[in-house]
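Numbered by my numbering, the letters in the sequence shown go through residues 13 to 230 in order. Before any comments, here is the structure.
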Amino acid sequence: MIAVITADLIDSSSYPPEFLELVLETLQKEFDNFAENFSEEKSNFKIYRGDSFQGIITNPENALLFSLFLKTALNKLESKDSSAIKADLRIAIGIGGYDLKRDEISESNGEAFQLSGRTLDDMKSNGRKLMLKTPNIDLNREFYTSLALFDFIADRWSTASAEVIYYLLQGYKEKEIAKIVGISQSAINQRKKIAAWDPISALLKRYEEKISATFKEN
13 MIAVITADLI DSSSYPPEFL ELVLETLQKE FDNFAENFSE EKSNFKIYRG DSFQGIITNP
73 ENALLFSLFL KTALNKLESK DSSAIKADLR IAIGIGGYDL KRDEISESNG EAFQLSGRTL
133 DDMKSNGRKL MLKTPNIDLN REFYTSLALF DFIADRWSTA SAEVIYYLLQ GYKEKEIAKI
193 VGISQSAINQ RKKIAAWDPI SALLKRYEEK ISATFKEN
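Right under this line is the structure:
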């Protein structure tokens with residue numbers, strides 16, 4: 013079993029060229045960091061059409077964590093012109109088998125690819141920003157609801173809130189984040205609470221446990 017992430021930038025046509033370049037550079041940096049830190053192949057993720065990407069995660073338990081890395085890395089960005097546009101993603105995680113895995117991801121195919129791609133297509137009409145689809149109906153039902161709640165929370169993040177979540181996902185402590193961001197630890201703690209870090213952390217733990225238990229024999 014593998015996880016396939018298929019995603020696209022929301023309203024990318026409105027991004028100023030310099031901001032779009034920054035967004036794409038940020039995505040590529042996150043792809044490289046994930047490959048290095050989680051022993052994945054750098055070639056597993058490819059950007060195409062300038063505003064979409066797809067990639068394979070060989071350990072499905074890491075798929076939600078990486079999705080949140082990507083989301084927060086972009087949500088903390090804001091264009092510097094008068095439009096003050098914020099970057100955001102639609103992300104579909106598909107977990108399943110694969111029939112063909114080639115060096116070029118566009119030439120790969122199988123259940124995980126189909127689940128991810130079809131789910132992203134559905135999301136373009138239902139307004140969702142993060143969804144999971146697997147062969148397990150009960151698992152799909154649980155995370156349909158919990159990820160809808162996550163969307164509700166994340167849609168209310170400021171760029172400052174997203175930045176704090178971005179560093180918390182990497183295991184940084186409040187004191188360390190305060191030093192990076194250049195504000196007090198108490199301010200970081202306040203942003204952490206406003207961004208709802210505790211339920212997000214619980215969601216990640218629940219996802220890892222359920223994916224491990226459901227697919228451990230696959």
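We put the beta carbon where it would ideally sit given N, CA and C, even for glycine.
{"Check": "In this structure, how does DSSP classify Phe-65 when only helix, strand and coil are distinguished?", "Outcome": "strand"}
{"Check": "Does Ile-223 pass the burial test, meaning 16 or more other C-beta atoms within 10 Å, or should it be called exposed?", "Outcome": "buried"}
{"Check": "What does the Cβ neighbour count give for Asn-138, buried or exposed, with the cut at 16 atoms within 10 Å?", "Outcome": "exposed"}
{"Check": "Taking the alpha carbon of Phe-43 as the point to measure from, which residue in Ser-79, Gly-62 and Ile-105 has its own alpha carbon closest?", "Outcome": "Ser-79"}
{"Check": "Please return the same chain residues whose Cβ sits closer than 8 Å to the Cβ of Thr-226, not counting the five positions on each side in sequence.", "Outcome": "Thr-146, Asn-148 and Leu-151"}
{"Check": "Rounding to the nearest angstrom, what Cα-Cα distance links Asp-20 and Arg-153 in this structure?", "Outcome": "23 Å"}
{"Check": "Within the continuous beta strand (DSSP E) that includes Asp-20, where are the two ends?", "Outcome": "14-21"}
{"Check": "By alpha-carbon positions, which one of Gly-122, Ile-105, Gly-109 and Tyr-110 ends up nearest to Thr-131?", "Outcome": "Ile-105"}
{"Check": "In the DSSP assignment, what are the bridge partners of Glu-90?", "Outcome": "Lys-98"}
{"Check": "Going by DSSP, what residues sit across from Lys-145 in a beta bridge?", "Outcome": "Gly-106"}
{"Check": "Quick check on Asp-100: buried or exposed, where buried means 16 or more other Cβ atoms within 10 Å of its Cβ?", "Outcome": "buried"}
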